[in-house]
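Numbering (full-length UniProt numbering), first residue to last: 68 to 688.
Where is the CB? At the ideal position from N, CA and C, for every residue including glycine.
Notes follow once the structure below has been shown.
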Ligand code: FEO
Ligand code: CA
Ligand code: CA
Ligand code: CA
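So this is what it looks like as structure tokens:
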């Protein structure tokens, strides 16, 4: 078969310099403005954002959440000036959220304000908001009926193999078909039928079992007795004797009663999934699609669609030495499903039944997808059926099952994205400072700067071919560190957000948490490259080492202390949206490009930034 013709596409901007400012910097010829910062009211239930941190939990439940992450734009009637934006809110900045940070009881050290905890819970989750381009500026349309928040307290449905399973039975859901809340919504995805996918990443740190943890709880990292508390200590209110019930007791999953109807032992089993949201139907209940595995989900991307074939989607588990997964639907793709309006029923068709695989990377650019089913062979002999009773059991401890079949431990798999021209899949491996033993797909030990790997599935088999696309590094790093020959105009560390646009430009966003050789030079950034032109005559992606690194260009640099994440475009490619997460001292006067004056401290607000070209043209070209 002949590959698709390669479009004439060239980057049309010059790489910008590294920057370390309390403002954003964007390529020449573009402008950047703030949209929907944390605390923006979605409706009249919320007060306007108050700069002293005094907004209430109710305000927060009706306003944009904190720490924006993955995001996707859904045009209304195909418009590029009017649509719905879905935005993830990964976690919180307590210092910014409350007037003086989180308050604690001076004697016990425990949290002492239920109102503050409710506000924190409401600052997590997802925002769905109508936005429109009015007089050259994108604005939030307050009180639009689509506007809603889904938070760490919202009721969600459980679908797929774990729906109704004994491990999902809780006092809240005696039938095991509902869960309370979604949290740590980091990367995102979107389906071919118009729904939003949000990924539950670092949720294990929100639950504690002070008794003996089960195998799956240990494997995924549920907090243990020695940890004392969960990430924000929601589970124990000061003055709240341990036998006393509070609305937050569910984060303490220590068994105290006789079964799961009498305590919260199963509460965390409702977390760790890909969640599907229909932004077009504000009455619809979001669904946790358990067939896609339970782990610290970072992101998800659908492979190229082929009528009459299964759908494949690719997902990373972001932790040191965790794995890359793929889910293949049992249902075969019917393009008419893209037009249906009962979108969550379509989701049920393609996401609730299928096969979950984990990746093993082998020598010489070959790899194999290993199925996670009861009859899958374990590396040490026998099958997964020796250790697990059902598919639901396997999914509950997805990472434990993947250990047994011999998956390849990776350098923190973050986002996946699919080249719309070639169908190649790309994965960011952000870093792995703890790596001691290199492997073929993760050759640097330790890996301080991260890399991007890509592959093509081989049709009709469980095999794939892969290569490493680019290694992050400081430009002045030694040859065995700067393996891709990066220069001052494209050096980067710790790739995280990774998205192709519809034309085939790959955008790389960084979350450099501590690779100082690059951090000392620049804040987190977004770069662009067009790899699809490297496809060779066989339709197989070529090894990239060499000339196309020169085409990797820096487009955007964020303010101090932030990471850059989330990316989406309008259909006409003339508006690009990205997110500034956990800025330190930004945005000054709500102006994205104004630098906060030296010595002035402001309450920072995570926000979306929209970028337009000054001549009104397409972004990037
Ligand atoms: Fe939340 Fe893996 O970044
Ligand atoms: Ca991320
Ligand atoms: Ca990250
Ligand atoms: Ca983050």
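- Straight-line spacing of the CA atoms in residue 221 and residue 249 works out to 7 Å.
- Annotation for residue 226: the continuous beta strand (DSSP E) segment containing it runs 222-226.
- When only Cα atoms are considered, residue 655 and residue 626 end up about 11 Å apart.
- Close CB contacts of residue 278 within its chain, under the 7 Å cut and outside five residues either way in sequence, are with 321, 322 (chain order).
- Beta-bridge partners of residue 561 (DSSP): none assigned.
- In this structure, the alpha-carbon of residue 567 lies about 18 Å from that of residue 378.
- Residue environment for residue 524: buried (at least 16 other C-beta atoms within 10 angstroms of its C-beta).
- Collapsing the DSSP output to three states places residue 432 in coil.
- Per DSSP, the beta-bridge partners of residue 524 are 531.
- Closest by C-alpha distance to residue 245, out of 230, 436, 253, 297, is 230.
- Residue pairing by DSSP places residue 574 opposite 566, 595 in a beta bridge.
- Per the C-alpha coordinates, the member of 480, 486, 487, 503 positioned closest to residue 495 is 480.
- When DSSP states are grouped into helix, strand and coil, residue 511 belongs to the coil group.
- Relative to ligand 1, even the nearest heavy atom lies 6 Å or more away from the CB of residue 204.
- Measuring C-alpha to C-alpha distances from residue 254 to each of 125, 266, 375, 368 identifies 266 as the nearest.
- Counting only heavy atoms of ligand 2, the residues whose C-beta sits closer than 5 Å to one of them are, along the chain, 253, 563.
- At least one heavy atom of ligand 3 lies closer than 6 Å to the C-beta of residue 497.
- Residue 575 is positioned such that its CB atom lies no closer than 7 Å to that of residue 550.
- Using a Cβ-Cβ distance cut-off of 8 Å, the segment 279-289 and the segment 171-191 are not in contact, since fewer than three pairs of beta carbons, one from each stretch, lie closer than that value.
- In the DSSP secondary-structure assignment, residue 166 is bridged to 168.
- For residue 215, the uninterrupted beta strand (DSSP E) segment begins and ends at 215-217.
- Contact check for residue 426 and residue 369: beta-carbon distance about 17 Å, past the 8 Å limit, so the pair fails to qualify.
- Note on geometry: alpha-carbon atoms of residue 633 and residue 298 lie some 24 Å from one another.
- With contacts defined by Cβ atoms closer than 7 Å, residue 335 and residue 239 do not form a contacting pair.
- Checking the 6 Å criterion, the Cβ of residue 481 is within range of a heavy atom belonging to ligand 1.
- Taking C-alpha positions only, residue 412 is separated from residue 395 by approximately 17 Å.
- In this structure, the beta-carbon distance from residue 128 to residue 189 falls below 7 Å.
- Between residue 262 and residue 155, the alpha-carbon positions lie close to 14 Å from each other.
- Selection 476, 493, 492 evaluated against residue 510 yields 476 as nearest (Cα-Cα).
- According to the DSSP assignment, residue 398 belongs to no alpha helix (DSSP H) but to the beta strand (DSSP E) extending over 391-399.
- In this chain, the beta strand (DSSP E) harbouring residue 382 covers 377-384.
- In terms of CA proximity to residue 540, 581 leads the group 123, 528, 76, 581.
- Bridge pairing for residue 247: 222 [DSSP].
- Between residue 444 and residue 141, the C-beta spacing is not below 7 Å.
- Excluding five sequence positions before and after residue 133, the CB atoms of its chain that fall closer than 7 Å to its own CB belong to 105, 156, 159, 160, 164, 190, 673, given in chain order.
- Inter-segment contact for the segment 468-475 and the segment 434-451 is present: three or more beta-carbon pairs are separated by less than 8 Å.
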